[in-house]
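Structure first, then comments.
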Amino acid sequence: MAKAEPFIGLEVTSKKIRLVELVTLPTGIEVTNFATLELPQGGLKDAGPKLQSLLQGEDFRGEKVNALLYYPSIDYLQVSLPPIKSKADLSLVAAREAKKDLKSPVEELIYAYELVGESEEKGVPKKEVLIARASTKDTKEYFQVLKAADLRFNSITVIPSVLLNLFKMSGGLKEETLAGILVGEEKGTIVILHQGNLRFPRDFPLKLTGEAGGLQVRLIAELKRSLLYLKQRVRGLEPQRIILLGDIDKPQEVTGALTQEVGIKTEMYLPPGLDLSPLGDRMEEFRNSLQQFILPLGLAWNGPERSELNLLAQEVQAQKMVHWAKIVVEAAALLFITLLILRFTWLWIDGRPHWKSIAGLKADLSELQPKLQEMDRVNEERRQQELKLALLGKIKGPKDGWAKILRTISLSIPPEMYLELLELRETPTDWSLKLKGQVTGANPSLTNKCFNEFFSLLLTSPDLGEVKIESDKTGSVMKGSTSLSQRDFAVVTKVK
Numbered sequence: 027m028a029k030a031e032p033f034i035g036l037e038v039t040s041k042k043i044r045l046v047e048l049v050t051l052p053t054g055i056e057v058t059n060f061a062t063l064e065l066p067q068g069g070l071k072d073a074g075p076k077l078q079s080l081l082q083g084e085d086f087r088g089e090k091v092n093a094l095l096y097y098p099s100i101d102y103l104q105v106s107l108p109p110i111k112s113k114a115d116l117s118l119v120a121a122r123e124a125k126k127d128l129k130s131p132v133e134e135l136i137y138a139y140e141l142v143g144e145s146e147e148k149g150v151p152k153k154e155v156l157i158a159r160a161s162t163k164d165t166k167e168y169f170q171v172l173k174a175a176d177l178r179f180n181s182i183t184v185i186p187s188v189l190l191n192l193f194k195m196s197g198g199l200k201e202e203t204l205a206g207i208l209v210g211e212e213k214g215t216i217v218i219l220h221q222g223n224l225r226f227p228r229d230f231p232l233k234l235t236g237e238a239g240g241l242q243v244r245l246i247a248e249l250k251r252s253l254l255y256l257k258q259r260v261r262g263l264e265p266q267r268i269i270l271l272g273d274i275d276k277p278q279e280v281t282g283a284l285t286q287e288v289g290i291k292t293e294m295y296l297p298p299g300l301d302l303s304p305l306g307d308r309m310e311e312f313r314n315s316l317q318q319f320i321l322p323l324g325l326a327w328n329g330p331e332r333s334e335l336n337l338l339a340q341e342v343q344a345q346k347m348v349h350w351a352k353i354v355v356e357a358a359a360l361l362f363i364t365l366l367i368l369r370f371t372w373l374w375i376d377g378r379p380h381w382k383s384i385a386g387l388k389a390d391l392s393e394l395q396p397k398l399q400e401m402d403r404v405n406e407e408r409r410q411q412e413l414k415l416a417l418l419g420k421i422k423g424p425k426d427g428w429a430k431i432l433r434t435i436s437l438s439i440p441p442e443m444y445l446e447l448l449e450l451r452e453t454p455t456d457w458s459l460k461l462k463g464q465v466t467g468a469n470p471s472l473t474n475k476c477f478n479e480f481f482s483l484l485l486t487s488p489d490l491g492e493v494k495i496e497s498d499k500t501g502s503v504m505k506g507s508t509s510l511s512q513r514d515f516a517v518v519t520k521v522k
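According to the working numbering, the residues represented by the sequence shown are 27 to 522, in order.
See the structure below:
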């Protein structure tokens, strides 16, 4: 039987890249390699050559990479949805939810979703959906780095999905409820797992000072907050165990403090029996630094119950469509060329007795050439005029033109927003619409939220094309004796 393909789990932090290479077999999990790379001064964008050199020097054999990108280049949220039978309907709902509560306007958003369990609220069944999202612009840097290192992405995912993988690796989760706490370099993540279902993932800021007491206090506070939220949302649901993950100084003291404070047994995460024999002399080094590589370990695992959340899903599908389109075009071109050759051969054989007549026809054709060129020029001018008239007719038509676009915009304007200018611009190739206005609210958070919702609607409107921010200024105004936040903006969008 052919040996399984090795996968590389790659975690990017603000300072380092950590890699673990695994081979997942029916009989167990082999750790075949691991490494750490310090990011150069230029950051991730300059890490490609160093990463390639490290992979070659350390003899990594895997080419496919499951990656976890550095926060906040990537974001996630989990939503509870009513049962939706149609996959198409679920995809539409996930697309709508992915555009909510964006931290800043995003011109091109990629997202992915996965069903991570089922729940029940007040007797009503719910589907738990984990949604990951990122800006296409922010992810291009990662593609360039992996391309420079002769690697290719298999998936890009988020921390809750990786934690789900790690707990599935251990098995035995179907009949219990547990809380998982990941301690990272700059933030922590808490998840609740109930009978194998992922519930209530939450991030919290975490700046380690090296003092165990400081870390214990922060973890205890965040864990109590999550358990209180869990008790309020789901009556009678309480974890039987708390699993701690991450590189922690004095882990026994931290787990002991958590156990004492919350009254629930706390222990460090231990993966199932890993075969470390391929590492040779580095076996002990990996054992001692296991918690540092815990996220790459979960990324590289390729088991049958692996989380399928993948931000590359849309792009992979698009690439497949482009690939098949290229094949069809190339096949059609080959068939056309073959027919031309056959036709030319037949004409050559059939026309040999008439070559003298052909010479005369060529002379007549040379005389007609100037007239034909003039006819082509006139026809091109007429075609351009017809296209322009058709565009005008479409835009000014009562059904599919400006009436529909302006009605959509007017219905979407929040009460806090005032549009002082709506300007139509015509260029030789298309039309554009300029919207200038202001948002006024009690505080910057409210004005930003109002503007982001309006901007997201413009991005997702099927009648509009590219949307750009022409100007954006935030200040304050006085209304009576009250100081209000005001955001003046101007956006320009192309009309399809």
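In this text, a Cβ means the ideal position worked out from N, Cα and C, and glycines have one as well.
Other residues of its chain near residue i: CB distance less than 8 Å, five sequence neighbours each side excluded
| i | result |
| --- | --- |
| residue 41 | 64, 65, 211 |
| residue 178 | 89, 90, 91, 172 |
| residue 246 | 283, 284, 287, 288 |
| residue 144 | 151, 152, 153, 154, 223 |
Reduced DSSP secondary structure (H/G/I, E/B, other) of residue i
| i | result |
| --- | --- |
| residue 110 | coil |
| residue 260 | coil |
| residue 274 | coil |
| residue 122 | helix |
| residue 373 | helix |
| residue 53 | coil |
| residue 469 | coil |
| residue 227 | strand |
| residue 439 | coil |
| residue 86 | coil |
| residue 446 | strand |
| residue 213 | strand |
| residue 61 | strand |
| residue 397 | helix |
| residue 39 | coil |
Residue i, buried or exposed, once every other Cβ within 10 Å from all chains shown has been counted against 16
| i | result |
| --- | --- |
| residue 467 | buried |
| residue 226 | buried |
| residue 188 | buried |
| residue 47 | buried |
| residue 35 | buried |
| residue 443 | buried |
| residue 492 | exposed |
| residue 104 | buried |
| residue 229 | buried |
| residue 86 | buried |
| residue 159 | buried |
| residue 353 | exposed |
Nearest-angstrom Cα separation, counted from residue j out to residue i
| i | j | result |
| --- | --- | --- |
| residue 253 | residue 262 | 11 Å |
| residue 524 | residue 184 | As shown, the chain starts at 27 and ends at 522. That puts residue 524 outside it, with no answer to give. |
| residue 9 | residue 259 | In the structure as shown, the chain begins at 27 and stops at 522. Residue 9 is therefore absent and cannot be evaluated. |
| residue 240 | residue 289 | 20 Å |
| residue 280 | residue 244 | 11 Å |
| residue 331 | residue 287 | 34 Å |
| residue 14 | residue 462 | It is not possible to answer for residue 14, since the shown part of the chain is limited to 27 through 522. |
| residue 497 | residue 101 | 26 Å |
| residue 109 | residue 150 | 9 Å |
| residue 276 | residue 317 | 12 Å |
| residue 415 | residue 457 | Only weak support is given to the placement of residue 415: the predicted model assigns it a pLDDT of 45, under 50, and the value that follows is read from those uncertain coordinates. Distance between the alpha carbons of residue 415 and residue 457 is about 13 Å. |
| residue 140 | residue 191 | 13 Å |
| residue 571 | residue 515 | Residue numbering for the chain in the displayed model covers 27 to 522; residue 571 lies beyond these limits and cannot be assessed. |
| residue 305 | residue 59 | 6 Å |
| residue 321 | residue 33 | 14 Å |
| residue 372 | residue 406 | 34 Å |
| residue 271 | residue 44 | 16 Å |
| residue 256 | residue 201 | 18 Å |
| residue 319 | residue 356 | 46 Å |
| residue 72 | residue 136 | 24 Å |
| residue 339 | residue 119 | 17 Å |
| residue 459 | residue 55 | 57 Å |
| residue 392 | residue 403 | 18 Å |
| residue 366 | residue 387 | 21 Å |
| residue 112 | residue 269 | 36 Å |
| residue 57 | residue 324 | 12 Å |
Cβ-based neighbour list, residue i, same chain, cut-off 6 Å, excluding 5 preceding and 5 following
| i | result |
| --- | --- |
| residue 51 | 30 |
| residue 465 | 442, 443, 473, 476, 477, 513 |
| residue 37 | 44, 94, 321, 322 |
Cβ neighbours of residue i in the same chain (closer than 7 Å, five flanking residues each side left out)
| i | result |
| --- | --- |
| residue 175 | 74, 77, 78, 81 |
Residue i beta carbon near the ligand ZN (any heavy atom closer than 7 Å)
| i | result |
| --- | --- |
| residue 484 | As far as ligands go, the structure on display features none, and thus does not contain the ligand ZN. |
Beta strand (DSSP E) runs contained entirely in the stretch 288-360, provided each spans 3 or more residues: 292-294
Quick check on the DSSP output: what are the complete alpha helix (DSSP H) runs of length 4 or more inside the stretch 122-185, in order along the chain? 162-174
So within the stretch 464-518, which uninterrupted beta strand (DSSP E) runs reach at least 3 residues, ignoring any that extend past its ends? 490-505
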